[in-house]
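Shown next, in structure tokens, is the structure this report addresses.
Numbering (our numbering), first residue to last: 499 to 675.
Listed below in structure tokens is the structure:
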């Protein structure tokens, strides 16, 4: 199997790679729900065996033959234990325990799922705070402060900074920078 790219990733697609029929965001990978795409991430198995199986699916992927559902699930799981574990200490600790502590939970909980789909919001709120005179009233900060079940209940910049590893790369915040 050669390289593949997502249909929304033309900018970074390797020449000659096969294009998958779906995009790379979580809405494409796990689906969107009225009550939040994050709900489709709750219960995602990130155990070592599950990830090994997902890597095998990706390694043996044939975009014309491998079912899209299998590819999407594999990509989602590998993304969570790599990219999301880098972004979020909570997820990094969760995956570490799932892999190293006998009997530890291996299925993502609600907190992990909600953090994943709110990474941009958290990053933008912190970025706006950092560049706009310590402002903590942006659209993003207001969204974060909403209490559960509508938001994450993150009311201060200190709480926001404690949730992510500072990889601030979002370019689509409500305030230009």
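C-beta: ideal position from N, C-alpha, C; glycine also. None of these values were measured; they are calculated from a predicted model.
query	result
First and last residue of the uninterrupted alpha helix (DSSP H) at residue 645	Unbroken run through residue 645: none, as it is neither H nor E.
Identity of the residues DSSP links to residue 605 by a beta bridge	543
Own chain, CB closer than 7 angstroms to residue 637, minus 5 neighbours either side, in chain order	672
Close beta carbons around residue 624, own chain, < 7 angstroms, minus the five adjacent residues each side	655, 658, 659, 666
Cβ pair residue 527, residue 561 closer than 7 angstroms	no
Own chain, CB closer than 8 angstroms to residue 615, minus 5 neighbours either side, in chain order	524, 534, 535, 536, 539
Sequence-distant residues of the same chain with beta carbon closer than 8 angstroms to residue 596, five excluded per side	544, 545, 546, 602, 603, 604
Spatial distance of residue 641 from residue 557 (CA atoms)	39 angstroms
Backbone CA spacing between residue 494 and residue 577 [nearest angstrom]	Lying outside 499 to 675, the shown extent of the chain, residue 494 is not represented and no answer is given.
Contacting residues, own chain, Cβ-Cβ under 6 angstroms from residue 541 (five flanking each side not counted)	605
Neighbour-count burial assignment, residue 586, 16 or more Cβ in a 10 Å radius	buried
Residue 652 versus residue 563: straight-line alpha-carbon distance, rounded	44 angstroms
Assigned exposure category for residue 612 - 16 Cβ within 10 Å defines buried	buried
Nonlocal neighbours in the same chain, by C-beta distance under 7 angstroms from residue 649, ignoring five residues either side	641, 642, 643
Residue range of the unbroken alpha helix (DSSP H) whose run includes residue 587	587 to 598
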